[in-house]
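Visitor: Number 967 in our numbering belongs to position 196 of the sequence shown; there are no gaps in the numbering.
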Amino acid sequence: MATNELEFEAKSLMPPSEFSRRGFLTTSLIAGFTLATGPVNAQSVITTDTAGLTAGEVKIFGVHEHIKDVCRRFAKMGYYAVAPELFARATDVSKLTTIDEGRAAAAKVSDKQVMSDLDSATAFAKTEKGDANRLGITGFCYGGRVVWLYSAHSPTLKAGVAWYGRLTGPTNEMQPKNPIDLIDSLKAPVLGLYGGADQGIPNADVEKMQAALKAAKRPSEIVLYDGAPHGFHADYRPSYRETPAKDGWQRLRGWFQQNGAA
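1) Run through the segment 920-952 for me and flag every whole beta strand (DSSP E) of 3 or more residues, listed as ranges in chain order.
2) Is it true that the segment 1006-1022 meets the segment 949-956, where meeting means three or more beta-carbon pairs spaced less than 8 Å apart?
3) Straight-line CA distance for V917 to R1012?
4) According to the neighbour-count rule (16 or more other Cβ atoms, all chains shown, within 10 Å of its Cβ), is A930 buried or exposed?
5) For S991 and K958, what's the separation of their Cα atoms in angstroms?
6) Here's the rule I'm using: 16 or more other beta-carbon atoms within 10 Å means buried, otherwise exposed. How should Q946 be labelled?
7) Pull up the distance between the alpha-carbon of G1002 and that of A876, whole angstroms please.
8) Would you call the CB atoms of H837 and A1005 closer than 8 Å?
9) Quick check on the DSSP output: the beta strand (DSSP E) that includes E1034 runs from which residue to which?
10) Can you tell me whether N943 is buried or exposed, with buried defined as 16 or more other CB within 10 angstroms of its CB?
11) Tell me the residue span of the alpha helix (DSSP H) that contains G910.
12) How many whole angstroms separate the CB atoms of F911 and V853, which I take to be in contact at a CB cut-off of 8 Å?
13) With a threshold of 6 Å on Cβ separation, who are the neighbours of Q1029 within its own chain once the five nearest residues in sequence on each side are excluded?
14) Can you check whether the CB of G1025 is closer than 8 Å to the CB of A999?
15) Less than 8 Å separating the beta-carbons of G915 and W934?
16) What's the C-alpha gap between K979 and L1023?
17) At 3 residues or longer, what runs of the beta strand (DSSP E) sit wholly inside the segment 955-1016?
18) How many whole angstroms separate the CB atoms of L920 and D976, which I take to be in contact at a CB cut-off of 8 Å?
19) Indicate the three-state DSSP secondary structure (helix, strand or coil) for A852 in the structure shown.
20) When the distance is taken between beta carbons, is A861 closer than 8 Å to V880?
21) Would you mind sorting T868 into buried or exposed? The rule is 16 or more other CB atoms within 10 Å of its CB.
22) How many whole angstroms separate the CB atoms of L889 and V932, which I take to be in contact at a CB cut-off of 8 Å?
23) By a C-beta neighbour count over all protein chains shown, 10 Å radius and 16 as the cutoff for buried, is K839 buried or exposed?
24) Under the three-state reduction of DSSP, which class applies to G915: helix, strand or coil?
25) Contact check, S956 vs A923 under 8 Å by CB: the rounded distance?
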């Protein structure tokens, strides 16, 4: 992976709710925070409460505390949020101690399996009365890359928002294509949110993707935040940058509303 951290569990699959209760589902497989090169910010306040929500856990996927909180934020907005841990079959992520171990775990998970798991998460949400006709997806880092891939895979997805997901790079049997290879296959518009000071995703890659989207006349967009590092949305880490994080969140809300995922 080209990124400097592994935020692989940060993938929120979000069919909005059509029923009276608002809900989110995560799992009891993993607790704590994502493996990262930097420490957890001691000043972090991850306190989105469950007031007014039907909050629960099911043992199908698992994510860390920050992404559970992101799910609660979506639930407060009226969404039915599911955050799948896509590495659960490959390894116990809670036991990883180094970035290299995380990268090794990622290498065991094929894009094909990820797409299938996201399809299953969508089907699960639908059985729980989530509205699959207004399906949206967002993700961070590894999850940001998967947003691009799933937007090229799913015929039912309405919109995607990819936070600093890898766009180019080496390919292999498990990850045969990059997002930039899938522009002509995009079935849903994607909003890309990237940091101008990201040490793992060069500005040149972002600009190349922007140019390719424009040339293909695709209704997707990329915002490049000047001076923002990788992980600028992660409010529990030193990489957090309040201004681009809040602006990105507002853009996400508007993108979902604009494209029928709200």
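Each residue gets a CB set at the ideal place from its N, CA and C atoms; glycine is no exception.
Guide: On the basis of the supplied data:
1) Those beta strand (DSSP E) runs which fall completely within the segment 920-952 and span 3+ residues are 928-934.
2) The segment 1006-1022 is not in contact with the segment 949-956.
3) C-alpha of V917 to C-alpha of R1012: approximately 23 Å in a straight line.
4) Buried, by the Cβ-count rule.
5) Approximately 10 Å, taken between the alpha carbons.
6) Classified as buried, Q946 has 16 or more neighbouring CB atoms from the shown chains inside 10 Å of its CB.
7) Each residue's Cα considered, the two are about 20 Å apart.
8) Going by C-beta atoms, H837 is nearer than 8 Å to A1005.
9) Given that the chain is displayed from residue 772 to residue 1033, the structure contains no residue 1034 and the question cannot be resolved.
10) Around the CB of N943, fewer than 16 other CB atoms lie within 10 Å, so the residue is classed as exposed.
11) Not the alpha helix (DSSP H): G910 falls in the beta strand (DSSP E), residues L906 to F911.
12) Not a contact, Cβ separation roughly 16 Å.
13) For Q1029, where only same-chain residues beyond five positions count, there are no Cβ hits under 6 Å.
14) In this structure, A999 sits away from G1025, with a CB-CB distance that is not shorter than 8 Å.
15) Yes, these two residues count as a Cβ contact at 8 Å.
16) Each residue's alpha carbon lies about 22 Å from the other.
17) Those beta strand (DSSP E) runs which fall completely within the segment 955-1016 and span 3+ residues are 961-966 and 992-996.
18) 16 Å between Cβ atoms; not a contact.
19) DSSP places A852 in the strand class (E or B) of the three-state scheme.
20) The Cβ-Cβ distance between V880 and A861 falls below 8 Å.
21) So T868 ends up on the exposed side.
22) The C-beta distance from L889 to V932 rounds to 15 Å, too long to meet the 8 Å contact threshold.
23) Taking all protein chains shown into account, K839 has 16 or more neighbouring C-beta atoms within 10 Å of its C-beta and is therefore buried.
24) If DSSP states are grouped into helix, strand and coil, G915 belongs with the helices.
25) Indeed, because the Cβ distance is near 4 Å, the residues count as touching under 8 Å.
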